Every structure is written in C-alpha cells, then in structure tokens.
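Note that the protein sequences, when read in sequence, are chains A and B. Adding 352 to a residue's 1-based position in the first sequence gives its number in the numbering used here. Adding 352 to a residue's 1-based position in the second sequence gives its number in the numbering used here. Beta carbons: idealized from backbone N, C-alpha and C, even for Gly. Nothing here was measured: the structure is a model prediction, and the numbers come from that model. A short worksheet on the structure shown next.
2 protein chains.
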Amino acid sequence: MARLPVYLRALTTLSEAGTTVCSSEDLAAAAGVNSAKLRKDLSYLGSYGTRGVGYDVDYLRYQIAREMGATRDWPVVIVGIGNLGHALANYSGFRSRGFRVVALLDADGQRHGEVVAGVVVRPFSDLRAIVREHGVAIGVIATPAAAAQDVADQMVDAGISSILNFAPTVLNVGAEIAVSKVDLSKELQVLAYHEQRKATQETA
Amino acid sequence: MARLPVYLRALTTLSEAGTTVCSSEDLAAAAGVNSAKLRKDLSYLGSYGTRGVGYDVDYLRYQIAREMGATRDWPVVIVGIGNLGHALANYSGFRSRGFRVVALLDADGQRHGEVVAGVVVRPFSDLRAIVREHGVAIGVIATPAAAAQDVADQMVDAGISSILNFAPTVLNVGAEIAVSKVDLSKELQVLAYHEQRKATQETA
DNA sequence: CTCGTTTTGTTCTCGCGTTCACAAACTCCT
DNA sequence: AGGAGTTTGTGAACGCGAGAACAAAACGAG
Ligand SMILES: NC(=O)c1ccc[n+]([C@@H]2O[C@H](COP(=O)([O-])OP(=O)(O)OC[C@H]3O[C@@H](n4cnc5c(N)ncnc54)[C@H](O)[C@@H]3O)[C@@H](O)[C@H]2O)c1
Ligand SMILES: NC(=O)c1ccc[n+]([C@@H]2O[C@H](COP(=O)([O-])OP(=O)(O)OC[C@H]3O[C@@H](n4cnc5c(N)ncnc54)[C@H](O)[C@@H]3O)[C@@H](O)[C@H]2O)c1
Numbered sequence: 353m354a355r356l357p358v359y360l361r362a363l364t365t366l367s368e369a370g371t372t373v374c375s376s377e378d379l380a381a382a383a384g385v386n387s388a389k390l391r392k393d394l395s396y397l398g399s400y401g402t403r404g405v406g407y408d409v410d411y412l413r414y415q416i417a418r419e420m421g422a423t424r425d426w427p428v429v430i431v432g433i434g435n436l437g438h439a440l441a442n443y444s445g446f447r448s449r450g451f452r453v454v455a456l457l458d459a460d461g462q463r464h465g466e467v468v469a470g471v472v473v474r475p476f477s478d479l480r481a482i483v484r485e486h487g488v489a490i491g492v493i494a495t496p497a498a499a500a501q502d503v504a505d506q507m508v509d510a511g512i513s514s515i516l517n518f519a520p521t522v523l524n525v526g527a528e529i530a531v532s533k534v535d536l537s538k539e540l541q542v543l544a545y546h547e548q549r550k551a552t553q554e555t556a
Numbered sequence: 353m354a355r356l357p358v359y360l361r362a363l364t365t366l367s368e369a370g371t372t373v374c375s376s377e378d379l380a381a382a383a384g385v386n387s388a389k390l391r392k393d394l395s396y397l398g399s400y401g402t403r404g405v406g407y408d409v410d411y412l413r414y415q416i417a418r419e420m421g422a423t424r425d426w427p428v429v430i431v432g433i434g435n436l437g438h439a440l441a442n443y444s445g446f447r448s449r450g451f452r453v454v455a456l457l458d459a460d461g462q463r464h465g466e467v468v469a470g471v472v473v474r475p476f477s478d479l480r481a482i483v484r485e486h487g488v489a490i491g492v493i494a495t496p497a498a499a500a501q502d503v504a505d506q507m508v509d510a511g512i513s514s515i516l517n518f519a520p521t522v523l524n525v526g527a528e529i530a531v532s533k534v535d536l537s538k539e540l541q542v543l544a545y546h547e548q549r550k551a552t553q554e555t556a
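And the structure:
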C-alpha cells in the first residue's frame, strides 16, 4: 500500500481547492493512477464512497490517514547532519505530515551544539537515551556509506524498528526491521539509461 | 532494469576490495537480490560470465556501465537552490557517477551570484541558453510544489527530456519525457504504516 | 582423456498486481 | 414512483516479474 500517501496528498490538494466530493476518476487523475486501481485500493480499507456520487474528500482523507497511522505524531531521529541532514532537518514537509524531528545526531564533535531548524545537534552516543525518552521508532541515516551499517546496528540495538537510509549501501538488519532505501544516484542513472536508449534507437 | 545501478555499485565495492572474479551468488548477496534474478538480468545484456567460474568483476562492470550510458558524462541542471538544492549541488556521489552539474538556477534574485560547490547560481531565465550551450538532457526540480509544474514545462520547452522531481506533485508532461519522482515524505509514511500495523497486530 | 564439480544461461511454473467489465446502489428528474 | 444516468465495489482475465529447477559449458583432478 505504498500508494496511500499519494492519495492522501491528492485529497489534501483537492480539499484545499474547495472540493468536497470527488469521483474515483477525478482522484485517480490527481494521483496519476488508473481509476480501477484506485477503487480497488480504497475497497481494501472499507466502503467509504457512495455509488452514483463519489467520495467525500475530507471523510476519505481522515480514513486513509487513520489507516496509515498519520493521525498520530511519529518522533524521528536523524543521524548524520551534513549536507543532506541539514536539508532534511529543515524540511517542513515532514512536520506537516506528522513526523517530528526529536533529535539530530552526529559523530563529529565540531557539529555538537549547532542548532538546525530549532533542534540542537547532539553526540551520536546519546541515541539510546533519546530513543527511550521519546519512544522513537523511526530513524533516518544520512551519514557516509562507510558508517551506515554501524549506525543501523546501533539504531536497532537502541530499539528503533524502521530505518530510512540515504547512504548507498545495502543494510544487513533483521527481517523484523523495516528498511527503506533512497538512492538519488540510482534515479539519475535510470534517467541516463533512458536517454542512452533513446539515443541509440535514433541512430538505428 | 532499475537494478543495474545497484549491481554496478556492488561491483565497484567488490573491485575496490581486490576481488577480480565473483559468482552470481556473491554479487547477488552484495546487491541484496536473488541470484537467479541477477543472472537473468545480466543475461539480457549478453553472456559476460564463464560457466564454472563466474564473472570477471572489472569486465562486467564496464559492460554494465556501457549499457547504462554511464561511460559518458551527463550534464545536469538543478532548479531551486534552497535547502535541498544546496545538498544536491554539494553531493559528490553525482559527479563520481558521471553526472556533472553545469548550472544552478533559482527564481529568487537574492540567491543569484552565490557560489555553491564551485558553481554560481544564475537566474531561472537562463535555462534555455544553458541547455543549448551544454546539450543538457537531464533536469532536477527542487523548487516548492507550487512552482514545479511551471518549471517542468519550461524545462521541456528548453529541450530537456528527463526530469528528476523532488517536489510532491504529479507532473503533467508529454509521454516522451521521462519523469522520476522522489517523495521523501512518502517513504517515511510507508514506514509509519508498518509501525502502525505492527502495533495493532500486537494488541490483537 | 574422462569424470566429477562448479557455475552460468534459460526454461518453466507460480503468484501477484493491474486492468477490464459489469452488477449493485444511489441520485435526480419527470 | 419509476426510469435514466452515474459511480462504486468486485469478480474474473490478463500479463509480467520472481524464483525454482535444470541443462549446457567450463575447469581440474586423476
Ligand atoms: N547530499 C546529497 O544530496 C545526497 C544525495 C544522495 C545521497 N546522499 C548520501 O547521504 C549521505 C550523506 O551525504 P552528505 O552529503 O550529507 O554527506 P556529509 O559528509 O555532508 O555529511 C555526513 C555527516 O555524517 C556524519 N557522520 C559520519 N560518520 C558518522 C557516524 N558514524 N555516526 C554519526 N554521524 C556520522 C559526519 O560528521 C557528517 O556530518 C551519504 O551517504 C551520501 O552518499 C547525499
Ligand atoms: N529539504 C528537504 O529535505 C526536502 C525533502 C523532500 C522534499 N523536498 C521538496 O523539495 C522542494 C524544495 O525543498 P527545499 O527545502 O529546498 O525548499 P526551499 O524553500 O528551501 O527552496 C526552494 C527554492 O526554490 C526557489 N524557487 C521557487 N520558485 C521557483 C521557480 N519558479 N523557479 C526557480 N526556483 C524557484 C526558491 O527561491 C528557493 O530557493 C520542495 O518541493 C520540498 O517539498 C525537500
């Protein structure tokens, strides 16, 4: 159900535009998917639409948010406050979707005490205490690749059970830990691959 | 073939570790995939392995790089030099994988002239000239969501044919334009969904 | 030279997700 | 009230990718 966030965002956009009711066609167009797929996805959550009418935007939005766990606040820690870590800490889109950055951690002593987006950078060794104090379940890794596995191990050890990894490494963790990897170079390389194919096809 | 970049990275790691030959099992483990899937993927490119022996790491690496278009340099423009744009411009992983940031563009006049990672920030209106001058095919959008569609339209108009979009919007562009969307909030929301499910299962 | 071992390349099957298509259900108009 | 028009929810077919399994090929030992 990786599409629910997309639907949620589309519903929010519609709601802000003043729409109160929408058909599956409308919503599917806004989310960029097929309308049949959208209806099937929604049917897994329950019957929240009205036949012949459509879906109540705000009601459906609430239901999806509830299903996704977006009605509560999720505390998050970010480890590695370099270029990327700064950008993430400053990103308002996290906060507005229910993610609260409770701590910024870095191994580099030079960075300790620096305040980013209203949160002070602390030593990485504080991880365990912070996780326990705030009940953190989600950790973000924005360190260099070489440090990522070690950071992940310590996160798991401290009690974190979901990891968002920006470092270009495959993390070895237990199957009970959910890991999501974002690899920006990969995205660009896929685009370059398409460009490459376009170019070779034209010459052929 | 979105897995080729992962294989390429795994091969690079193996090569740096001094490995000259590897089996599909080894490489699959390093890339985090099934070995049968890996062999099938590689077989689409050609027969670059030796039965009973394995794959020559450097040779295979070159073949994958060639197939992906990673043997040449790809000029890239980044539009929207805010938090995220700064991080992307400073990211060394792009350069090392054959992507050269030839221009940083922003609509905000305050930012013009600022130098980020050795590249000066220029007005967005320079887009067309830069694309023509450097033969840019790939553009990165790191502007707020509200501006993303407009930026995309102008990119396409200027001749860009592949777009990497970080703004949380569905872009409407022609089918001949390749668009890759990275939605960091979505990743976190999927993780939160898993946490949510774990929690509700435990209580049940 | 032959046989056993290793590992690739490929075929085949299975399962999942996507999409089509249609009945059920609701609204509105007459 | 009844029928026409709309839109949801879902059953069924389709297609595609993943994984298991095996035959073909290379290598080395005897
Ligand atoms: N900058 C980007 O746009 C970008 C894009 C894609 C991927 N990445 C990846 O994200 C990661 C970070 O990139 P960056 O540009 O921010 O790098 P960076 O060098 O600017 O920042 C890394 C930070 O991690 C800290 N660190 C190092 N080891 C640590 C450890 N063991 N524990 C805690 N903190 C530690 C460093 O002190 C530093 O502050 C890299 O793996 C990079 O490949 C970055
Ligand atoms: N910061 C993050 O970590 C992060 C994470 C995920 C997604 N995003 C998304 O990336 C985008 C940028 O985020 P940010 O934090 O860097 O925002 P930001 O506000 O710091 O930067 C946006 C930049 O875009 C420029 N801009 C605005 N309109 C423009 C236009 N029409 N043409 C050219 N430039 C224009 C602004 O001048 C500004 O410099 C947003 O859409 C955000 O949702 C950011």
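Boundaries of the alpha helix (DSSP H) harbouring A:PRO357: 356-368, taken from the DSSP string. When Cβ pairs closer than 8 Å are counted between the two stretches, the stretch 521-538 of chain B is seen to touch the stretch 499-509 of chain B, the count reaching three or more. Going by beta carbons, A:LEU540 and B:LEU516 fall inside the 8 Å limit. Between A:TYR545 and B:GLY432 a beta carbon distance of about 24 Å is seen, past the 8 Å cut, so the two are scored as non-contacting.
In this structure, the straight-line span from the alpha carbon of A:GLY487 to that of A:TYR359 is close to 28 Å. In the three-state reduction of the DSSP assignment, B:ASP408 falls in the strand class. Secondary structure of A:VAL508 (DSSP, three-state): helix. When DSSP states are grouped into helix, strand and coil, A:GLY437 belongs to the helix group.
Excluding the 5 residues flanking it on each side, A:ARG480 has same chain C-beta neighbours closer than 7 Å at ALA510, in chain order. Fully contained in the stretch 475-528 of chain B are the following beta strand (DSSP E) runs of length 3 or more, in chain order: 490-493 and 514-517. The Cβ of B:TYR414 sits no closer than 8 Å to any Cβ of chain A. Counting other Cβ atoms within 10 Å of its Cβ, A:GLY470 stays below 16 and is therefore classed as exposed. At a cut-off of 8 Å between C-beta atoms, B:ILE430 does not count as an interface residue with respect to chain A. Comparing alpha-carbon positions, the option among A:PRO496, A:GLU528, A:THR495 and A:ALA497 lying closest to A:VAL508 turns out to be A:GLU528. Between A:VAL405 and A:SER367, the C-beta spacing is not below 8 Å. When C-alpha distances from B:SER513 are compared across B:SER387, B:TRP426 and B:GLY384, the shortest belongs to B:TRP426. The three-state secondary structure of B:ALA530, taken from DSSP, is strand. Taken through DSSP and simplified to helix, strand or coil, A:ALA422 comes out as coil.
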